[in-house]
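Everything on this sheet refers to the single structure shown next.
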Amino acid sequence: MKILVLAPNIPATSRMPGSPRVFSLSRELSRTHEIVLASFCSSQDRYHALSSDPANQNVFKRVELLPDPPPPGWCGQQWHRMQLAMHFETRYRQAEYYRSIRDRIRTLCAQEHIELIHADLLTTTQYVDEEMNIPAIVDLHDSMTHACRRRLILKHSWNTRVHEFLCLTRFRWLEGSLGGRFDLIITNSTVDEGVIKGLSRKANTLTITNGVDMEYFSPDPSVEEEDKIVFTGVMGFGPNEDAALHFVHDIFPLVKDKRPQAQFWIVGSQPSERVKDLSRISGVYVTGQVDDVRPYVRSAKVFVCPLRMGSGVKNKILAAMAMQKATVATSISLDGLNFSNNREVLLADEPQDFADKVVHLLTDEKEARQLGANGLVRVQHQYSWSARGKELETAIQSVMASRNGRAHQLR
Numbered sequence: 001m002k003i004l005v006l007a008p009n010i011p012a013t014s015r016m017p018g019s020p021r022v023f024s025l026s027r028e029l030s031r032t033h034e035i036v037l038a039s040f041c042s043s044q045d046r047y048h049a050l051s052s053d054p055a056n057q058n059v060f061k062r063v064e065l066l067p068d069p070p071p072p073g074w075c076g077q078q079w080h081r082m083q084l085a086m087h088f089e090t091r092y093r094q095a096e097y098y099r100s101i102r103d104r105i106r107t108l109c110a111q112e113h114i115e116l117i118h119a120d121l122l123t124t125t126q127y128v129d130e131e132m133n134i135p136a137i138v139d140l141h142d143s144m145t146h147a148c149r150r151r152l153i154l155k156h157s158w159n160t161r162v163h164e165f166l167c168l169t170r171f172r173w174l175e176g177s178l179g180g181r182f183d184l185i186i187t188n189s190t191v192d193e194g195v196i197k198g199l200s201r202k203a204n205t206l207t208i209t210n211g212v213d214m215e216y217f218s219p220d221p222s223v224e225e226e227d228k229i230v231f232t233g234v235m236g237f238g239p240n241e242d243a244a245l246h247f248v249h250d251i252f253p254l255v256k257d258k259r260p261q262a263q264f265w266i267v268g269s270q271p272s273e274r275v276k277d278l279s280r281i282s283g284v285y286v287t288g289q290v291d292d293v294r295p296y297v298r299s300a301k302v303f304v305c306p307l308r309m310g311s312g313v314k315n316k317i318l319a320a321m322a323m324q325k326a327t328v329a330t331s332i333s334l335d336g337l338n339f340s341n342n343r344e345v346l347l348a349d350e351p352q353d354f355a356d357k358v359v360h361l362l363t364d365e366k367e368a369r370q371l372g373a374n375g376l377v378r379v380q381h382q383y384s385w386s387a388r389g390k391e392l393e394t395a396i397q398s399v400m401a402s403r404n405g406r407a408h409q410l411r
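Numbering-wise, the sequence shown is residues 1 to 411 according to the numbering used here.
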């Protein structure tokens, strides 16, 4: 089968910043199907990183780079605002560009004889034309409606609450409309799937959780450093920025009361100015983008995930557990993950409880080792990309069989 993967940015491999979900699933599908990638491109460096990565060999038969939208005109901008459209929507603000991308997708599908469209994330769904009559699925990863609801709870000023409410209203409409346009809507956690089901009775939904590259993220306990705590992620992303600030301001001082030599390392690309400023605090280190996140995680005594907002399965936790790291995380961080408190992870939602559990793992070598070993066993058995790819393959075959059945009935 020929499958078109429509992505909002060049897919990240395990060696690149960002979620490797779309690349890893495409790699699994490419074992039995031909995959064509049509992607927007945030930078040529990112494209070259994908092209030069040995993990990319033979995954994509063709890569079609899509142009970025031009600056909006005044009239388009006003029409966009009147529709309360989201920042990524181009239908109103850049109407000619919007039509040109849809035409380009139609042409590509005809040239390559595409039999299935796999749209990655909500942002790409606007360019899938139902009139092509090609089966289409969308992988939302996370429900933006669900994430917006959580952010709304944390906002206190009236202007930010109004903004979040307007975003929530639009996301509810966008995600609610998908059930009538896509044959299957995929999320990476049952929590997000439940939200989508609640928005549309027509929606055919499925949860396929994230996986982890077990060969790439392998353990090496010999390089651990005493009292080193690590958190990873794209630090320009709101939930990660909030988590880093929360840990440094509310949790880390409580840790240092018991472990004065403790170090907290914030590892990841695009740190905001507020995150960069945290490096002025004693014991806090902000790396910015690194070529390889693994040495930082492997050298950690404890991995933390203090997220207070966001949704979906967190790749950072799967990668840390694949490297056999003792982990402390908030409940939100474990959405969609089958980990048990006190067996594979220590759960804590309040600053003092979180700090106490971090200190416990820093001081109790045996407990930290056992927790890390339990996490490794769990991800080995349940969270490989190979298993996730088989789930997606089964779902695709079901979609195609359903479409063929309806076509037969119409004849």
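Quick reminder that beta carbons are idealized off the backbone N, C-alpha and C, glycines included.
With 16 other Cβ atoms within 10 Å as the buried cut-off, status of residue i
i	result
Ala-12	buried
Thr-394	exposed
Arg-99	exposed
Pro-253	exposed
Phe-60	buried
His-408	Annotation note: pLDDT 40 at His-408 (below 50); position unreliable, coordinate value reported separately. When all chains shown are included, His-408 counts as exposed.
Pro-71	exposed
Cys-167	buried
Thr-160	exposed
Cys-278	Here residue 278 is Leu; the residue named in the question, Cys, does not match the sequence. Burial call: buried.
His-80	buried
Arg-308	buried
Pro-271	buried
Trp-385	buried
Met-82	exposed
Ala-401	exposed
Pair within 8 Å by beta-carbon distance, residue i and residue j
i	j	result
Arg-62	Glu-112	yes
Leu-371	Lys-357	no
Val-255	Ile-266	no
Leu-392	Ile-196	no
Gly-288	Ser-269	yes
Val-297	Lys-325	yes
Pro-219	Leu-318	no
Phe-339	Ala-348	no
Thr-169	Gln-126	no
Cys-41	Leu-25	no
Pro-306	Thr-330	yes
Val-379	Ala-322	yes
Gly-336	Thr-190	yes
Chain-order list of residues whose beta-carbon lies under 8 Å from that of residue i (same chain, five-residue window excluded)
i	result
Arg-259	Asp-227, Val-359, Leu-362 and Thr-363
Ser-19	Ala-12, His-141, Asn-210 and Asn-315
Ser-299	Val-223, Glu-224, Glu-225, Lys-228 and Val-230
Gln-382	Asn-338
7 Å Cβ shell around residue i - same chain, five flanking residues per side excluded
i	result
Phe-165	Leu-152
Met-144	Leu-122, Phe-171 and Glu-175
Met-132	Arg-106 and Cys-109
His-249	none
Inter-residue Cα distance where the pair is residue i and residue j
i	j	result
Val-5	Phe-247	37 Å
Ser-14	Val-304	20 Å
Arg-201	Ala-7	26 Å
Trp-215	Arg-343	This sequence places Glu at residue 215; Trp is not what is there. Each residue's Cα considered, the two are about 23 Å apart.
Gln-263	Asp-183	48 Å
Ala-373	Pro-239	28 Å
Gly-236	Asn-9	16 Å
Gln-78	Arg-93	8 Å
Leu-410	Arg-403	With a pLDDT of only 37 at Leu-410, under the threshold of 50, the placement of this residue in the model should not be trusted; the figure read from the coordinates follows. C-alpha separation (whole angstroms): 11 Å.
Leu-154	Ala-147	11 Å
Gly-194	His-87	25 Å
Glu-241	Gly-73	32 Å
Glu-426	Val-302	The chain is shown from 1 up to 411; residue 426 falls before or after that span and cannot be answered.
Arg-388	Ile-117	18 Å
Ser-333	Pro-135	33 Å
Glu-130	Ile-114	14 Å
Ile-396	Arg-31	14 Å
Ser-43	Trp-158	36 Å
Pro-295	Ala-244	20 Å
Tyr-97	Pro-221	52 Å
Cβ-heavy atom distance, residue i to the ligand COA, below 7 Å
i	result
Glu-112	Here there are no bound small molecules, and the ligand COA is not part of this structure.
Beta-bridge pairing of residue i - partner residues as DSSP gives them
i	result
Cys-305	Ala-329
Val-267	Thr-232 and Gly-288
Ile-35	Ile-3
Glu-64	Ala-38
Ala-136	Ile-117
Gly-212	As written in the sequence, residue 212 is Val, which differs from the Gly given in the question. DSSP lists Ser-384 as partners of Val-212.
Asn-159	Partner(s): none; Asn-159 has no beta bridge.
Thr-187	His-141 and Thr-207
Own chain, CB closer than 6 Å to residue i, minus 5 neighbours either side, in chain order
i	result
Ala-85	Tyr-92
Arg-280	none
Ala-49	Met-16
Arg-150	Met-309
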